[in-house]
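Trainee:
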Amino acid sequence: MVRLEYMLHVVTVAAVLTTSTLDAVAEDIAISVFAGGSGPDDHFRVDAITIAADFLTREAAILGEELNIALDLKTTSSWDDFKQAVILSAESGEAPNIVITGHEDIANWAQSGLIVPVEDYVDLDAWPISDIYENLIDIASYGGVVYGLPQDAEARPFFFWRDHMTAIGYSDREIDALPVEIEAGEYTLSNVLEDARKMQDAGVVEAGYGFYPRVSNGPDYWQFYQSFGGLMADPNSGKLLLDRAAMSGFYQFFADAVAAGVTRKNHIGTPWDQWYSEVASGKAGMWHGGTWHYARYTAKEGLADFFGNIQFTLIPGGGERGRANTLTHPLVYLLTKQEDERAMEIAAQLIEIASEPRINVLHAVKSAHLGIAKSEATIPLYANNRWAREATDRLLAHATAMPNNSNFGTYWDVMWKGLESVWTGQKSVEQAIADVEAELSSVLGDAIIIR
Amino acid sequence: MSSSRTLGLLLLMPALILVVLFFLVPVILTGVFSFTNMSTSTGITGGAYQVTPNSLQRLSDDYGLSSVAETLGQSRYVVDEQSLARLQQGEADEDVIAELRKDHLGQTFETRRAAERMIKELRHRPSSTRAIKAISGMMSRSIAHVRFDTKQALAAGLSEAGIELTPEETTAVAQATYTGWVWTMANFRRLFSSPDTQRVLINTAIYVSITLVLFNTTFAMVLAIATFYMPEAPAGIFRSIWLLPRISPPVIYVLMWKWLAWDTGFLSLFLENFGVPSRNWMLESTLNAWVFVILINGFVGASMGMIIFSSAIKAIPKQLFYASEVDGASRWQQIRHVILPQLRWPILFITSYQTLSLMTSFDLILLSTDGGPGATTEVWALATYHTALSNYAGNFQYGLGAAMALILVVMGVFLSLIYLRFFNYSTLVSKPLIEH
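From first to last, the protein sequence lines are chains A and B.
The first sequence maps to residues 3 to 453 in our numbering.
The second sequence maps to residues 358 to 793 in our numbering.
1) Output the distance between the C-alpha atoms of B:Met475 and B:Ala518, rounded to the nearest integer angstrom.
2) Which residues share a DSSP beta bridge with A:Asp74?
3) Might you give, ordered along the chain, the residues of its own chain that have their beta carbon closer than 6 Å to the beta carbon of A:Ala62, omitting 5 neighbours on each side?
4) Hey, which unbroken runs of the alpha helix (DSSP H) at 4 residues or more fall wholly within the segment 119-178 of chain A?
5) Would B:Ile559 be called buried (16 or more neighbouring beta carbons within 10 Å of its own) or exposed?
6) Span of the beta strand (DSSP E) holding A:Trp289?
7) Can you have a look at A:Glu341 and say buried or exposed, based on whether 16 or more other CB atoms are within 10 angstroms of its CB?
8) Which chain B residues are close to A:Glu156, counting only those with a beta carbon under 7 Å from its beta carbon?
9) Which residues of the segment 729-758 of chain B have a Cβ closer than 7 Å to any Cβ of chain A? Give them in chain order.
10) Classify B:Thr388 as helix, strand or coil using the three-state DSSP reduction.
11) Helix, strand or coil, according to DSSP, for B:Arg603 in the structure here?
12) Using a C-beta to C-beta distance shorter than 8 Å, which residues of chain B count as neighbours of A:Val445?
13) Fully enclosed by the segment 265-336 of chain A, which alpha helix (DSSP H) runs are 4 residues long or longer?
14) Would A:Pro332 and A:Asp154 qualify as a contact pair, given that the criterion is a beta-carbon distance under 8 Å?
15) Where does B:Val736 fall in DSSP's three states?
16) So what does DSSP say about B:Glu456, is it helix, strand or coil?
17) Are the C-beta of A:Arg453 and some C-beta of chain B separated by less than 8 Å?
18) Alpha carbon to alpha carbon, how far is B:Thr393 from A:Met3? Give it in angstroms, no decimals.
19) Does the beta carbon of B:Lys490 come closer than 8 Å to any beta carbon on chain A?
20) Can you tell me which of the three DSSP states B:Gln314 falls into?
21) Give the straight-line distance between the Cα atoms of A:Ala128 and A:Asp30, rounded to the nearest whole angstrom.
22) If you compare alpha carbons, which of B:Ala529, B:Thr708, B:Lys675 and B:Phe549 is closest to B:Leu422?
23) List the residues of chain A that B:Ala501 touches, going by C-beta distances under 8 Å, in chain order.
24) Provide the residue(s) that pair with A:Ile100 in DSSP beta bridges, ordered along the chain.
25) Give the C-beta separation of B:Met716 and B:Met761 to the nearest angstrom, bearing in mind that I take them to be a contact with Cβ-Cβ under 8 Å.
26) Have a look at B:Trp599, B:Ile594 and B:Thr402 and flag the residue whose alpha-carbon is nearest the alpha-carbon of B:Met578.
27) If you count every other CB in all the chains shown that lies within 10 Å of the CB of A:Ile51, and 16 or more means buried, which is it?
28) Could you tell me the boundaries of the alpha helix (DSSP H) in which A:Ile53 lies?
29) How is B:Ser783 classed by DSSP in three states: helix, strand or coil?
30) With DSSP run on the structure shown, which of helix, strand or coil describes A:Ala370?
31) Taking 7 Å as the limit between beta carbons, can you name the residues of its chain near A:Tyr384, skipping five residues before and five after?
32) Name, please, each residue of chain B whose Cβ falls closer than 8 Å to the Cβ of A:Phe410.
33) Could you tell me whether the segment 265-280 of chain A touches the segment 635-650 of chain B, where touching means 3 or more Cβ pairs closer than 8 Å?
34) Locate the beta strand (DSSP E) running through A:Leu244, then write down its first and last residues.
35) Roughly how many whole angstroms lie between the Cα atoms of A:Ala454 and B:Ser424?
36) Tell me whether B:Thr784 is buried or exposed, calling it buried when 16 or more other Cβ atoms sit within 10 Å of its Cβ.
Now the structure itself:
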């Protein structure tokens, strides 16, 4: 009902706008923008809005309108702080107009009414949105409705330190062939453990540094579940899916890595700064991360020759049903529900303009993310960037994404607690899987398929 | 008498109001929240009625209404007299309405996108995206993703979209599409059945008991007694130094510990001189993490006990010390037979206060280990915080977090009662015999 009344109002306003003479009346609009998980290289996530505001103001001027957009831009590198700030401010009616967050928030925030569908405000058929990859638009949708505009794309590769591979007997040609071998399932997670052990035995890396995974919870760990054939959601019903065998394989892999001494038992919780400096300086043999790590390694960590030192591939498969894979975790521009309809409309136009290829390429190249639109590949800044090109070629076609499902957060928590308990030796794999299954079926009931 | 009582009450009123607002109300709200499934996705202040993929799933699974779910999930955009009347009512461009009636009456589109494509091909195409959206919105005959504030609005929306349901089906749809929170005991069931509950409780017991016994009471007492027997000036300096952890901002205080413990920190650099490889001492092992968690909290906690015990010792009549010295008592005998018996009341206070304080404090652990490595130093209060205010997929579990907080309140009250009994509280507060 609210929606109908709003529509009536909008039609009236639109009719008045199109028929009346366009008197230049100054319009002041304040738009606040907040981006989570954004480090120093990611400033174009919000700076793109500044560029867009400049465009929009000029466009308005051509139509005889004086539009003054006052922007309040904020970023934080933390996800926890960001989500707390957004959620709690929204609960008190003070949400930022535009939030830049992971797509997995869409389901919950749409259900709570915190965000509104972007498709209510922008023309999906018009450029630049028509140029955005369809699969990214799907990732930004919930129940067939487009709630957000993709802000970036990425993939999460597996990394090898070339010299350490050479030290355990790999020739340069064999190292170069790793991406193909991994994709074909010839080099698997068991090989990872073997080679990690060899590196430690050869003394090229210290104990616990053979395989040096991500130090905190994150989407990355779902990749190892997928490596053993697991699916996060059932493609037919859209329900969440716990594949016991795949989850066991995934937990067992980390339990084996700890038992073999190639990963430290207390690895989770290692400070990020320490981890980045170690992997970028060859202290670890094999690890995994994201495409944006390229920016961090080569800039802040001072790794001059990335390609000469590091090989990157898909996450290797494991077990019989295994498959090599990677995960893309696009950030999205979302519009929050506001009292002021006009502010929401302006915010929508801003994110639409910010999604233009030329503007998005600035972020993609600066932060080593992947582009969101087809034509970005033809923009020289992007096309001439070796990392963007190779990472797109090698990884993006194999990338899956987490489901937009409001129960996924619960599933994720339980999966992570189970992994932690196995990793730190508090539970056996069997015990952890039994507990995960018990907890999921008691909390989610029919909303999750367990098989 | 009665006027002074009223005055007293009046004077107390601001404090009473503050106590009610900031102490009582939060506890009551925690109690209320704990019996709900409240989360970010349900919102705090109440929900709406919205057809989402989840609600459709519920409609099929829980109510066996899969055909209704299928209908509700479909989107349909229709050019009919009803839509045109709405457009008229909304004062849309007459030419657009006329053209729609002439060329498109009776057409149905499955998606909004398709409907808008048609609108954009009109000869009298509206000049803004906003106007196109408004027209396609008027053509909608679906309720998927529309938010209805009330049940009545939902029912009206259903009938407007031409979806005819029996009263039972309408009720089921209302229940399944409700996005807000509902009353439930599920939080407590989950806590009592989860294997993590036991682990976190054991962590909490370890943390509270060791910090309390080693630092907050024993070490505080050692400091108080040591400074009591020192000359006044150095004692003051010594006490001030031990106050530093308490008066430093927690973030800076913990950062200093991290500088000490990091692999590039002071400890590693110093020990490298003796051939010990550098490492992250704080997170090296579970034992290391516990040692640091207890030291970090203990150093802060000890200062509180030190102040209370010091002042209590100073309040002991000097004659008792003179008399004991005349009797030839050693320092140890003085402590054992003069000081400690006089400190029963402050010891009770510090023990119970610090137990409650430790049970509910998690800030220093959050800043130092964040419960790691691998949740091995996750205590109840921190787990509560993580549940209620942290979730990777943006769905904070307020209800479950409140249930955990409520359990903490119950444990606190229970322990306080035990302490009161153990220290024989009634004797402590009874009137001195000499004044009878």
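Ideal Cβ placement from N, Cα and C applies to all residues, glycine included.
Just so we're clear, the structure is a prediction, and the values are computed from it rather than from any experiment.
Mentor: Reading from the atomic positions:
1) 21 Å
2) A:Ser34
3) The beta carbon of A:Ala62 sits closer than 6 Å to the beta carbons of Leu69 from its chain, once the five residues preceding and following it are set aside; these are given in chain order.
4) 136-141 and 164-169
5) Answer is exposed; the Cβ neighbour count stays below 16.
6) Met288 to His290
7) Burial check for A:Glu341: the Cβ neighbour count within 10 Å stays below 16, so the residue is exposed.
8) Ordered by position in chain B, no residue passes the 7 Å Cβ test against A:Glu156, which lies about 16 Å from the chain.
9) Result list: Gly729, Pro730, Gly731, Ala732, Thr733, Leu746, Ser747, Asn748, Tyr749, Ala750, Gly751, Asn752 and Phe753.
10) It should be pointed out that residue 388 of chain B corresponds to Gly in this sequence rather than to Thr. Three-state DSSP puts B:Gly388 in a helix.
11) helix
12) Ala543 and Arg547
13) For the segment 265-336 of chain A, the continuous alpha helix (DSSP H) assignments of 4+ residues that do not extend past its boundaries occur at 274-281, 295-300 and 308-311, in sequence order.
14) A:Pro332 places its beta carbon less than 8 Å from that of A:Asp154.
15) coil
16) helix
17) no
18) Any reading at A:Met3 needs caution, since the residue's pLDDT is 41, under 50, leaving its predicted position unreliable; the model's value is listed next. If you take the alpha carbons of A:Met3 and B:Thr393, they lie about 28 Å apart.
19) Yes, B:Lys490 lies at the interface with chain A (some Cβ there is under 8 Å from its Cβ).
20) Residue 314 of chain B falls outside the range modelled here, since chain B spans only 358 to 793, and no answer is possible.
21) Our two residues, A:Ala128 and A:Asp30, have alpha carbons roughly 27 Å apart in a direct line.
22) B:Ala529
23) Gly145, Gly146 and Val147
24) A:Val35 and A:Leu337
25) Actually they are not in contact, since the Cβ atoms of B:Met716 and B:Met761 sit about 12 Å apart, beyond 8 Å.
26) Out of B:Trp599, B:Ile594 and B:Thr402, B:Trp599 has the C-alpha closest to the C-alpha of B:Met578.
27) buried
28) Phe46 to Ile64
29) helix
30) coil
31) Val363, Ala366, Val367, Gly373, Glu378 and Ala390
32) Correct list: Ala750.
33) Verdict: yes, contact present.
34) Leu242 to Leu244
35) Residue 454 of chain A lies beyond the residue range present for chain A, which begins at 3 and ends at 453; the question has no answer from this structure.
36) The residue is exposed, with fewer than 16 neighbouring Cβ atoms inside 10 Å.
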